[in-house]
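A quick write-up on the structure given underneath.
In mature numbering (1 follows the signal peptide of the UniProt record, and there is no 0), the protein residues as written are -22 to -1, 1 to 317.
Shown next, in the form of structure tokens:
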């Protein structure tokens, strides 16, 4: 009798333990807007998710929703993670406009052209200057790409005058103001629409670093590329703060160990690799690449200075009380990290 009771008790204990064990499994949803062939997906997001699984001994699984899926829209990344539709998101700070005005200062022309320097500058700015616009979010990383390129379909651009009247896809307000000041017509558009828009003649060109030329196959619909490194564009990698706070301490520790400083140190090398793939695709296609001359660069700097001042002033209307202070701090950090 005692043995049967003992067996029954052990069986009951095992049955009641099963739900508790099952509850320990955690699935996090992670979304981003880029295609699954892009380096951000293959070199950054997927390995980060696998590292989190390994760090938690398999307790945490990450479901990834890249561009092209129901949660992969570029304009919805911040909104989705704030609402808890996804737990983690990677997105562009400039789309939709007006969400991250402080962070957008890194996009100002001629501030920085190196992805590693830009990313480290953003991370240095974050605690003192950028944190207010990430309320409700656990910031895992902020980063930016290498200096952007002006890509065109039919018109070769080597000077300000060549841009006159060209419809150029733009990724952010600062870049839009830059293009407008240089005589082009900026057209806001998600990256995934650029190929078809170039193909149909809806736009004459686009601004991107080299990497999307490969991942979005833009080398097929472009002919000319002006490599000037005049601007950059910033990105966020964030988690819903409530979700983060609800996780077990050891899981939070794993997320922390895989993010922040440890992650920030990798973006420079990553962007160099991703850009090289795009540059190689352009060269294989036989497209024409031109470097912005020193004389023309000096002209652009002079022409764009009033635009930079106007942009900084415009941020005050968006609730940024000290935009010039942030800009000057960014200049300081860019100088420190470049030297």
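Using N, Cα and C, we set each Cβ at its ideal position, and we do this for glycine too.
{"query": "Starting from residue 215, trace the beta strand (DSSP E) both ways and give me its first and last residue.", "result": "212 to 218"}
{"query": "According to DSSP, residue 16 sits in a beta bridge with which residue or residues?", "result": "Its beta-bridge partners do not exist; DSSP assigns none."}
{"query": "If you scan the region 173 to 213 from start to end, which runs of the alpha helix (DSSP H) of 4 or more residues do you find wholly inside it?", "result": "189 to 193"}
{"query": "Taking DSSP as the reference, what is the three-state secondary structure of residue 90?", "result": "coil"}
{"query": "To the nearest angstrom, report how far apart residue 109 and residue 84 are at their CA atoms.", "result": "15 Å"}
{"query": "Given a threshold of 16 other Cβ atoms within 10 Å of its Cβ, counted over all protein chains shown, does residue 92 qualify as buried or as exposed?", "result": "buried"}
{"query": "From 35, 163 and 265, pick the residue whose C-alpha is nearest to that of residue 134; which is it?", "result": "265"}
{"query": "In whole angstroms, give me the CA-to-CA distance for residue 33 and residue 122.", "result": "27 Å"}
{"query": "For residue 245 and residue 306, I'd like the C-alpha separation in whole angstroms.", "result": "23 Å"}
{"query": "Please name the residue, chosen from 57, 192 and 6, that lies closest to residue 12 on a Cα-to-Cα basis.", "result": "192"}
{"query": "Can you tell me where the alpha helix (DSSP H) holding residue 233 begins and where it ends?", "result": "227 to 235"}
{"query": "Smallest Cα separation from residue 9: which of 43, 30 and 19?", "result": "43"}
{"query": "Could you tell me whether the region 160 to 172 touches the region 142 to 150, using the rule of 3 or more Cβ pairs below 8 Å?", "result": "yes"}
{"query": "By the DSSP assignment, the alpha helix (DSSP H) with residue 305 in it spans what residues?", "result": "301 to 316"}
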